[in-house]
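Chemist: In this text, residue positions in the sequence shown follow numbering that gives the first Met the number 0: the first is 0, and each later residue adds one.
For every residue, glycine included, the Cβ atom is placed at its ideal position computed from N, Cα and C.
Below is the structure I would like to discuss, written out as structure tokens.
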Amino acid sequence: MTDNGLLQGHKPLPAGLAILFLTLFLAALAARFWASEQGYRFTGPTHIAAGAGQVWVFASGELLKLTAEGELTGVYASAVTGLESDPIDLKIVPDGSLLIAEQEPARIRLCRSGNWECEVILAASVSRIERQFKIIAGQQPRSWWVTDARADALWEISESKDGIEALLPAGTLAGPNDLVLDNEGSLWIADTDHRRIVEVLSDNADGFMTGRELTTVNELTVGERWYPMMLALSPDQRLWVAQAADFSKPWSDLVVYDLDEGAQAVVELPKGAYATDVAVLAEQILVTDLERFVVYGVDIGTLAVRPFGDKAFQQHLDDFRQSRLTYDRLSTWALVSMAVSAVLMILFAVKATPKGKRWTQPTPVFDPKKATAEVPETRRVHWLERNPRVERQMKWGERIFLASLVFFVVSILGVYGWMNFQLRPDLDAAAAAKADEMGIILLLGGLMLALLVPVVRLSVRMVSRRLGTDGKRLHIRLEDGRELAVDPAQLLYTNRAILYRRYMFPLLGGKGQALYQPGELETWLAPLLRESRRVSWIESVKYQWQHQQSLLIWSLLAAIAASSLLVTLLMMET
């Protein structure tokens with residue numbers, strides 16, 4: 000019976016367990032992605048509209064209809080409503096129809112919920128509006144005023160005019176959001192990026208101009224929540240404004256403004272609340288809370304806050320919240336399972352490998368069995384012949400790396416710019432905060448790539464140095480053309496390189512690739528290195544530190560620290 004050497008040391012049980020935990024790791028990874036995707040579908044209420052004895056709320060892809068008393072009377076999924084994306088605005092027109100504004104693609108529909116017959120309003124004109132916008136009925140029948148956050152504009156669209164018409168000069172508004180009409184017919188706009196609420200008046204020449212303005216930078220708000228988003232005008236002619244903090248933090252305030260005197264009060268919402276939309280219902284203001292999955296009713300006189308809606312409505316929103324929590328918990332457990340499976344997979348993979356083959360042994364500088372006793376006689380300096388492949392890599396490698404670096408940095412900046420100028424107008428504050436975090440990670444990634452430039456250039460410089468011998472001394476030709484002749488006793492060497500003072504001379508590439516032709520090291524270098532001292536990698540680092548290479552080592556430590564920071568941010572993001 001013959002012995003098969005390939006099977007010696009084979010351990011089927013640890014190998015099988017390693018494969019099992021690899022399978023579990025992949026399954027946990029898939030479960031995490033799936034749970035994250037499913038959990039993202041469940042969001043708290045984002046938009047609300049009230050009027051004509053009814054209330055409409057959008058949450059988790061559904062439109063919920065309530066009476067003015069808060070009784071839930073209908074739940075309509077996107078398959079019924081025809082929503083192709085989350086709405087950007089909801090309004091109730093005087094005849095009780097629901098006005099729905101969508102942005103992917105941009106369209107405005109007037110819908111009657113009885114049979115969900117919807118009329119698309121001026122599709123050709125609306126399609127020109129690319130991003131986040133709000134809408135309100137204009138002065139003329141079948142005309143509409145629209146704020147366009149992407150174009151920093153206030154448009155009028157109507158059936159009597161072809162296309163859309165700008166009502167204010169360019170630069171008047173910056174990232175405008177919601178708009179309301181007061182009792183005198185004046186239009187008030189949340190001029191978000193200018194951090195103000197501005198009045199728009201009709202002049203005597205069929206044009207428009209700005210009037211009063213209310214600054215949203217005031218002492219009442221906390222955490223620099225100065226960016227007005229959504230507006231509601233109560234019967235006592237006060238503005239109720241949902242204000243966020245630079246689109247970067249998932250919190251917002253509800254601030255009350257007098258049209259002449261400015262900010263008067265901040266409504267004390269429950270801790271952790273994130274107000275996203277407001278609407279007027281008789282003597283109360285309805286407020287949607289994205290984070291807590293609640294709609295509040297705020298008393299106009301006392302500012303008292305209580306949940307709005309009957310038990311069925313509140314339970315429906317709570318079901319959304321519980322579903323979100325369930326998927327979040329599943330995602331967390333999947334992450335824990337990934338970590339545990341990865342550790343066990345590695346342990347059993349090591350256990351399944353024969354002891355003598357578990358760890359890759361360092362590649363020696365040369366083969367001692369093939370090394371000659373003495374250097375062959377030579378009348379001149381013999382320069383060691385390089386591997387031709389290394390010569391080609393030295394010629395083109397750095398150029399290719401720099402070109403790739405430029406490409407990646409430009410790509411990163413392009414993605415970051417797209418996130419800020421294309422994607423951001425579509426996002427709510429929570430999603431915008433995530434976009435900011437991703438932008439920081441991308442910029443750190445670009446910085447880390449840039450840190451590789453000096454490392455690559457230093458590597459090319461070290462490899463470009465030539466080694467030779469006259470039989471007694473090691474000759475060194477530096478990258479600047481200077482030549483040194485060194486007594487071998489002054490040299491140190493490791494498994495990969497020769498050290499001489501502040502210079503390093505690699506003998507092997509990054510993957511153990513030979514830098515010199517076969518036999519060159521054994522014939523010409525090995526006899527000299529018998530007089531040199533072999534050191535460990537720790538001793539080599541200490542030697543380099545002592546010989547003016549501390550800057551390089553600090554740079555490497557900085558690169559490692561930056562890498563650790565990036566990995567930490569990536570883990571926090573996921």
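For E155 and P175, what's the separation of their Cα atoms in angstroms?
Modeler: In a straight line, the C-alpha of E155 is about 14 Å away from that of P175.
Chemist: Just how far apart, CA to CA, sit P11 and K354?
Modeler: Rounded to whole angstroms, P11 to K354 spans 15 Å at the Cα level.
Chemist: Taking the C-alpha atoms as reference points, what is the distance between A51 and Q236?
Modeler: Distance between the alpha carbons of A51 and Q236 is about 19 Å.
Chemist: Helix, strand or coil for S403 per DSSP?
Modeler: The answer is helix: DSSP assigns S403 an H, G or I state.
Chemist: At what residues does the alpha helix (DSSP H) containing P526 begin and finish?
Modeler: Where P526 is concerned, the enclosing alpha helix (DSSP H) stretches over 525-528.
Chemist: May I ask you to verify whether the region 47-64 touches the region 283-290, counting CB pairs closer than 8 Å and requiring at least 3?
Modeler: Touching, per the Cβ criterion.
Chemist: From the DSSP secondary-structure annotation, give me the bridge partner or partners of I196.
Modeler: Paired residues: A189, L213.
Chemist: DSSP three-state label for I475, please.
Modeler: Reduced to three states, the DSSP call for I475 is strand.
Chemist: Let me confirm a value: R291 is counted as buried when at least 16 other C-beta atoms fall within 10 Å, else exposed. Which label applies?
Modeler: The residue is buried, with at least 16 neighbouring Cβ atoms inside 10 Å.
Chemist: Would a C-beta distance cut-off of 8 Å place I99 and R108 closer than the cut-off?
Modeler: Contact flag set, yes.
Chemist: Grab the span of the beta strand (DSSP E) containing T287 for me, first residue to last.
Modeler: 283-288 is the extent of the beta strand (DSSP E) around T287.
Chemist: Based on the DSSP secondary-structure assignment, which residues constitute the bridge partners of I163?
Modeler: Answer by DSSP bridge pairing, in chain order: I156.
Chemist: Along the chain, where does the alpha helix (DSSP H) containing L23 start, and where does it finish?
Modeler: Run containing L23: 11-39, per the alpha helix (DSSP H) assignment.
Chemist: With a threshold of 8 Å between beta carbons, is R378 in contact with chain D?
Modeler: The structure shown contains no chain D, having only a single protein chain.
Chemist: Is it right to say D88 is buried, meaning 16 or more other beta carbons lie within 10 angstroms of its own, or is it exposed?
Modeler: So D88 counts as buried.
Chemist: Can A105 and I128 be called in contact, C-beta distance under 8 Å?
Modeler: Yes, Cβ-Cβ distance for A105 and I128 is below 8 Å.
Chemist: Can you give me the Cβ contacts of T573 inside the same chain, cut-off strictly under 6 Å, excluding the 5 residues immediately before and after it?
Modeler: Below a pLDDT of 50, predicted positions are generally treated as unreliable, and T573, at 47, falls in that range; the measurement from the model is reported next regardless. Nothing meets the Cβ criterion.
Chemist: Is it right to say K394 is buried, meaning 16 or more other beta carbons lie within 10 angstroms of its own, or is it exposed?
Modeler: Looking at its Cβ environment, which holds fewer than 16 other Cβ atoms inside 10 Å, K394 is exposed.
Chemist: If you draw a straight line from the alpha carbon of R464 to that of G444, how long is it in whole angstroms?
Modeler: Spanning the two alpha carbons is a distance of roughly 31 Å.
Chemist: Check E572 in the structure and name its three-state DSSP category.
Modeler: Interpretation of E572 is limited by its pLDDT of 49, a score under 50 that renders its predicted location unreliable; no figure is taken from the coordinates.
Chemist: Tell me the rounded alpha-carbon separation between K405 and S458.
Modeler: Per the sequence shown, the amino acid found at residue 405 is Val instead of Lys. The straight-line gap from Cα to Cα measures roughly 19 Å.
Chemist: So, for R323: in the same chain, excluding its five sequence neighbours on each side, which residues have a beta-carbon less than 7 Å away from its beta-carbon?
Modeler: Excluding residues within five positions, the ones whose Cβ falls inside 7 Å are G38, F41.
Chemist: Mind checking whether A231 and V279 have CB atoms under 8 Å apart?
Modeler: Yes, they are a contact pair.
Chemist: Measure from the alpha carbon of L268 to the alpha carbon of each residue in Y256, V294, D259, then state which is nearest.
Modeler: Considering only alpha carbons, the answer is V294.
Chemist: Tell me where the beta strand (DSSP E) around S251 begins and ends.
Modeler: Looking at the DSSP string, the run of the beta strand (DSSP E) that includes S251 is 251-257.
Chemist: Do you know offhand how far L19's Cα is from A30's?
Modeler: Cα to Cα, L19 sits roughly 16 Å from A30.
Chemist: Going by CA-CA distance only, name the one from F57, Q131, E530, E158 that's closest to P140.
Modeler: Taking only the C-alpha atoms, the option nearest P140 is E158.
Chemist: When the distance is taken between beta carbons, is Q516 closer than 8 Å to R385?
Modeler: Cβ distance < 8 Å, so R385 and Q516 count as in contact.
Chemist: Going by other Cβ atoms of all chains shown within 10 Å of its Cβ, with 16 needed for buried, is R224 buried or exposed?
Modeler: By the 10 Å Cβ count, R224 comes out buried.
Chemist: By the three-class DSSP mapping on this structure, what secondary structure does I559 have?
Modeler: Looking at I559 - three-state DSSP - the assignment turns out to be helix.
Chemist: Since Q313 is in the alpha helix (DSSP H), which residue starts that stretch and which ends it?
Modeler: Looking at the DSSP string, the run of the alpha helix (DSSP H) that includes Q313 is 310-351.
Chemist: Taking 7 Å as the limit between beta carbons, can you name the residues of its chain near E101, skipping five residues before and five after?
Modeler: L82, E83, S84, P86, I87, listed in sequence order.
Chemist: Check whether the Cβ of A338 sits closer than 7 Å to any heavy atom of the ligand SAH, and report yes or no.
Modeler: With respect to the ligand SAH, the structure offers nothing, as it holds no ligand at all.
Chemist: Mind checking whether L448 and F504 have CB atoms under 8 Å apart?
Modeler: Cβ distance not < 8 Å, so L448 and F504 don't count as in contact.
Chemist: Put L520 into one of helix, strand or coil per three-state DSSP.
Modeler: It is helical.
Chemist: Roughly how many whole angstroms lie between the Cα atoms of W332 and L343?
Modeler: So the alpha carbons of these two residues sit roughly 16 Å apart.
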